[in-house]
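Residue numbers (the numbering used here): 1 to 289.
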Ligand SMILES: [Zn+2]
């Protein structure tokens, strides 16, 4: 089954909803970064949020970046996404192993610790939009819910889940974002709150075989949900030799000159996808011209 997301509305467009299945892309991230289960869960949740939130951006060139900086063992998590369902990410520490939490689940909050969440939307303007909120739980979905309420003034409900198999591969991953649009009635809010209180977790829904469309219908039963569109999501990195050369030039002439003086091939690895680029001293010299 391919990964994809759906966009929908409910209650006469007073509610908007996004839901995704991201199992394959989170498994791909796990394979690239060789992450332990709890780190896979943390990165997978943020990658899924990236796909969903990226779709809110207007232009194909726009970039969304979600940064989590915590004082827990995983350190930082960085995810970037466009509005076409392409997402990529990396973590500070890939091999964190800590005990399960009180519920017997992977302790994502414990791996992240306290810190902050930073959301950047680069829409090609001089100053990208950037907003930082404190982490309120470290479980990521709740932190994003808090971000939407405090920074964007949009009442939201965010659900994110990654379930690992016994073999420590990704069995299920997915998520949803439900947002209330201006003018929504108290009656609809109460109905939605009741519904969400009874809803199983994202991983339970996926385990029960629900597709993203089914998740929308299940989350918004009785509120006349309508699916508007469906689109693929994937782990995808746009790095290439030119972007890496650009980064080398940006690192400064002195750095380059030191590398040239070493007179050895240098290998640069993309932080997001692990792709390796090799440059000879001759090639490095052309960058200083
Ligand atoms: Zn890359």
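Cβ coordinates follow ideal geometry from the N, Cα and C atoms, glycine included.
query	result
Within 9 angstroms, strictly: CB atoms of residue 50 and residue 87	yes
Where residue 165 falls: helix, strand or coil (DSSP)	coil
For residue 235 and residue 90, the rounded distance between their alpha carbons	11 angstroms
Per-residue DSSP class, three states only, for residue 206	helix
Rounded straight-line distance, which links the Cα of residue 125 to that of residue 220	37 angstroms
Buried versus exposed call for residue 198 [16 or more other C-beta atoms within 10 Å across all chains shown]	exposed
Terminal residues of the alpha helix (DSSP H) in which residue 270 lies	From DSSP, residue 270 is part of no alpha helix (DSSP H); its letter is neither H nor E.
Residue 78 CB to nearest heavy atom of ligand 1 below 8 angstroms	no
Paired residues, beta bridge with residue 134 - DSSP	116
Beta-carbon proximity check, residue 19 vs residue 148, cutoff 9 angstroms	no
For residue 75, the nearest candidate out of 246, 138 and 279 (CA to CA)	138
For residue 270, the nearest candidate out of 27, 244, 79 and 114 (CA to CA)	244
Residue 263, DSSP secondary structure in three states	coil
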